[in-house]
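J.:
Chains as they are written, first to last, in our numbering: chain A, 1 to 114; chain B, 1001 to 1114.
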């Protein structure tokens, strides 16, 4: 099923979700911004994400200016994805998502009681 | 395509996304928390979302304890969804998403220059 685009909505939350709201994308930004993994192969391995899905999500972030694609070897050709200022400014969103998860998700309770 | 669950990941960001990371869900929480729309019909109309998708997202939030389902009329049977403390504590995440959108999305630029 094709999901509905939020691009025509004026709400800034909707606009943000249009860029970063797809499944996997916030975790991908976690890898780049918090764990400082910028290479396709290391992000793919860290997340256990299908390479085609990862390529799709990275392309979306490049097209919206959050990441800059850069080739770091030629043979074989390999790419890394360097965060720009707009991606780095997404860090407070990740921090809030983490704060909420630590406070309210069941697995947090299980972990803290074990 | 079935999306991969993040429920087995220990990361609190992943745990949060497992609850609120589906397409539409943050906008649904925006309606409930910011616009104070709690009735199914008014949320559905405000978002222009398919009723089946809205019902699915609401059920997910109820099952994770963010919303409490309450019948407000019997004939016809109609329900509203009242936010709990954990949903109200999601407001800072919405505020960060809005802040980022106002600062970095193209439509914000277009709006501010028009």
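Each residue gets a CB set at the ideal place from its N, CA and C atoms; glycine is no exception.
#1: Evaluate contact between the region 72 to 89 of chain A and the region 30 to 37 of chain A, counting only Cβ atoms and requiring at least three cross-stretch pairs below 8 Å.
#2: In chain A, which residues lie with their C-beta within 7 Å of the C-beta of residue 1063 of chain B?
#3: If the criterion is Cβ atoms closer than 8 Å, does the pair residue 1015 of chain B and residue 105 of chain A meet it?
#4: Less than 8 Å between the beta carbons of residue 1100 of chain B and residue 1057 of chain B, yes or no?
#5: Would you say residue 1017 of chain B reaches chain A, if we count a Cβ-Cβ gap shorter than 8 Å as a contact?
#6: Identify every run of the alpha helix (DSSP H) within the region 25 to 96 of chain A, keeping only runs that are complete inside it and at least 4 residues long; order them along the chain.
#7: Step through the CB atoms of chain A and report whether any lies within less than 8 Å of the CB of residue 1093 of chain B.
#8: Counting along the chain, where does the alpha helix (DSSP H) carrying residue 105 of chain A start and finish?
#9: Cβ closer than 8 Å: which chain A residues qualify as neighbours of residue 1102 of chain B?
#10: Nearest to residue 59 of chain A by alpha carbon, out of A:94, A:47, A:40, A:95?
#11: Nearest CA to the CA of residue 38 of chain A: which residue from A:53, A:22, A:10, A:68?
T.: Considering the structure as presented:
#1: Below 8 Å, enough C-beta pairs join the region 72 to 89 of chain A and the region 30 to 37 of chain A to call them touching: three or more.
#2: Here residue 1063 of chain B is taken as the residue at index 63 of the second chain, counted from 1. Within 7 Å Cβ-Cβ: nothing; residue 1063 of chain B doesn't reach chain A, min ~11 Å.
#3: Residue numbering aside, residue 1015 of chain B sits at position 15 when the second chain is read from its first letter. Residue numbering aside, residue 105 of chain A sits at position 105 when the first chain is read from its first letter. Contact flag set, yes.
#4: Position 100 of the second chain, counted from the start, is the residue given in the question as residue 1100 of chain B. Position 57 of the second chain, counted from the start, is the residue given in the question as residue 1057 of chain B. Contact check for residue 1100 of chain B against residue 1057 of chain B fails: the beta carbons are separated by 8 Å or more.
#5: Taking the second chain and counting its residues from 1, the one referred to as residue 1017 of chain B is at position 17. Chain A, which has a Cβ nearer than 8 Å to the Cβ of residue 1017 of chain B, makes this yes.
#6: Contiguous alpha helix (DSSP H) elements confined to the region 25 to 96 of chain A occur at 25 to 33, 40 to 47, 51 to 63, 85 to 88, taking only those with 4 or more residues.
#7: Taking the second chain and counting its residues from 1, the one referred to as residue 1093 of chain B is at position 93. So yes, residue 1093 of chain B belongs to the interface.
#8: Within the first chain, numbered from 1, the residue matching residue 105 of chain A stands at position 105. Premise fails: residue 105 of chain A is in no alpha helix (DSSP H) and is neither H nor E.
#9: Along the second chain, read from residue 1 onward, the residue named residue 1102 of chain B stands at position 102. Within chain A, 12 have C-beta atoms less than 8 Å from the C-beta of residue 1102 of chain B, given in sequence order.
#10: Residue mapping note: residue 59 of chain A aligns to position 59 of the first chain, counting from 1. When each option's Cα is compared against that of residue 59 of chain A, the closest is A:40.
#11: Numbered from its first residue, the first chain carries residue 38 of chain A at position 38. Looking at A:53, A:22, A:10, A:68, the one whose alpha-carbon comes closest to that of residue 38 of chain A is A:68.
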